[in-house]
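Following the working numbering, the numbering of the sequence shown begins with 41 at its first residue and continues without gaps. Beta carbons: idealized from backbone N, C-alpha and C, even for Gly. If you're wondering where the values come from, they're calculated on a predicted model, not measured in any experiment. Working notes for the structure below.
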Amino acid sequence: MGKVWIDGKYYDKDEAKISVFDHGVLYGDGVFEGIRVYNGRIFRLKEHIDRLYDSAKAIWLEIPMSREALSAQTEDCVRVNGISDGYIRLVVTRGRGDLGLDPRKCPRPTIFIIADTITLYPKEFYEKGLELVTAATPINHRENLSPRIKSLNYLAHILAKIEGIQAGVHEVVMLDFSGHVAECSGDNIFVVKGRKVRTPPAYAGILKGITRDAVMELAVEAGYDVREEMMTRYDLYTADEVFLTGTAAEIIPAVKIDGRVIGTGKPGPVTMDLLARFRKLVGKA
Ligand code: PXG
């Protein structure tokens, strides 16, 4: 039976509960991380912890634990659950308060850590590639709820995801308010044209993915011309290759977008090269 750590104690999965008065539940007031474990080692834990504390800072939430203590607790949770390849969900909510939205009424944030197995995309998705459509729902405006904050408010992305489900495709492309390509519902997006590997800039208002950063480093090492640039759907439609990056997906090719076949319609050589390099980096190759 899996054990979930909540505010200092381990609970059996079925007994792992938080209050209905928690503002994480009442208002989506909180932040989180999704982290991967490969061969018993946590992938880029420091980067995830730093992003979590930045997300918390941005919403005026003080995590009542040091980065070192929370990192050690995350490692402990993986060990206690005997996970060698899996997924960690680390969540910090505003905590228990009253029915008003004033965060000052929540004396102590709730922290919980789930370490579990991971549901992976089927292998054939990597071999054949995904089909995407553009969602009508734009990404949150960066001055509204910044997409840089990995918050418990995922509704814009979930509404976009629902559009993808209705359209019968695997993922959706989300645009920003000016129509520039931003990211997908749970992944970042990359566009390949020749030796050029481009991805939307993080400052424009997207989640700065940990996988995105790793893939950019690998692409630079491999000698590609890596750029962060604003793009429109025209750049997607006319690309040689498009791929998505994320903690769960790693690197996954997209071969059809809004009915346009991308490149040859099959996962391309740059995507496959970067996927091989990524798998080597995480010790899966
Ligand atoms: N953009 C968004 C909106 C995300 O939610 C990424 C990019 C990729 O970031 P990382 O750091 O993982 O490379 C994410 C990933 C899921 C799932 O089940 C994915 C995410 C969060 C929750 C669930 O696919 N985040």
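Confirm the yes/no value for this check: CB of residue i, any heavy atom of ligand 1, distance under 7 Å.
{"i": "residue 90", "result": "no"}
{"i": "residue 197", "result": "yes"}
{"i": "residue 286", "result": "yes"}
{"i": "residue 223", "result": "yes"}
{"i": "residue 226", "result": "yes"}
{"i": "residue 250", "result": "yes"}
{"i": "residue 74", "result": "yes"}
{"i": "residue 247", "result": "yes"}
Output the boundary residues of the beta strand (DSSP E) element that contains residue i.
{"i": "residue 107", "result": "Counting along the chain, residue 107 falls outside any beta strand (DSSP E), though it belongs to the alpha helix (DSSP H) covering 107-120."}
{"i": "residue 166", "result": "Careful: residue 166 lies outside any beta strand (DSSP E), inside the alpha helix (DSSP H) at 163-168."}
{"i": "residue 66", "result": "Run containing residue 66: none in the beta strand (DSSP E); it sits in the alpha helix (DSSP H), 63-67."}
{"i": "residue 50", "result": "49-52"}
{"i": "residue 239", "result": "236-239"}
{"i": "residue 323", "result": "Counting along the chain, residue 323 falls outside any beta strand (DSSP E), and DSSP gives it neither H nor E."}
Taking the alpha carbon of residue i as the reference point, which residue from the options has its own alpha carbon closest?
{"i": "residue 191", "options": "92, 289, 153", "result": "92"}
{"i": "residue 77", "options": "292, 320, 125", "result": "125"}
{"i": "residue 268", "options": "232, 274, 293", "result": "232"}
{"i": "residue 257", "options": "247, 238, 97, 123", "result": "238"}
{"i": "residue 66", "options": "112, 137, 228, 41", "result": "137"}
{"i": "residue 185", "options": "71, 281, 47, 205", "result": "71"}
{"i": "residue 221", "options": "236, 205, 241", "result": "241"}
{"i": "residue 139", "options": "285, 51, 64, 316", "result": "64"}
{"i": "residue 224", "options": "178, 52, 121", "result": "178"}
{"i": "residue 290", "options": "315, 270, 299", "result": "315"}
{"i": "residue 188", "options": "75, 273, 99", "result": "99"}
{"i": "residue 253", "options": "275, 228, 263", "result": "228"}
{"i": "residue 87", "options": "41, 74, 80", "result": "74"}
{"i": "residue 321", "options": "303, 302, 259", "result": "259"}
{"i": "residue 327", "options": "272, 151, 108, 266", "result": "The structure shown does not extend to residue 327, since the chain is modelled only from 41 through 325, so no value can be given for it."}
{"i": "residue 49", "options": "153, 148, 133, 127", "result": "153"}
{"i": "residue 310", "options": "107, 158, 280", "result": "280"}
{"i": "residue 167", "options": "295, 299, 317", "result": "295"}
What residue range is occupied by the uninterrupted alpha helix (DSSP H) comprising residue i?
{"i": "residue 209", "result": "Per DSSP, residue 209 belongs to no alpha helix (DSSP H) and is neither H nor E."}
{"i": "residue 254", "result": "250-261"}
{"i": "residue 264", "result": "From DSSP, residue 264 is part of no alpha helix (DSSP H); its letter is neither H nor E."}
Return helix, strand or coil for residue i, following the three-state DSSP convention.
{"i": "residue 287", "result": "coil"}
{"i": "residue 201", "result": "helix"}
{"i": "residue 177", "result": "coil"}
{"i": "residue 310", "result": "helix"}
{"i": "residue 303", "result": "coil"}
{"i": "residue 156", "result": "strand"}
{"i": "residue 94", "result": "helix"}
{"i": "residue 73", "result": "strand"}
{"i": "residue 171", "result": "strand"}
{"i": "residue 136", "result": "strand"}
{"i": "residue 89", "result": "helix"}
{"i": "residue 57", "result": "coil"}
{"i": "residue 81", "result": "strand"}
{"i": "residue 143", "result": "helix"}
{"i": "residue 101", "result": "coil"}
{"i": "residue 185", "result": "coil"}
{"i": "residue 298", "result": "coil"}
{"i": "residue 125", "result": "coil"}
In the DSSP assignment, what are the bridge partners of residue i?
{"i": "residue 224", "result": "213"}
{"i": "residue 269", "result": "None, per the DSSP bridge assignment."}
{"i": "residue 293", "result": "283"}
{"i": "residue 45", "result": "50, 153"}
{"i": "residue 243", "result": "Answer is none; residue 243 lacks a bridge partner."}
{"i": "residue 130", "result": "73, 153"}
{"i": "residue 191", "result": "71"}
{"i": "residue 233", "result": "236"}
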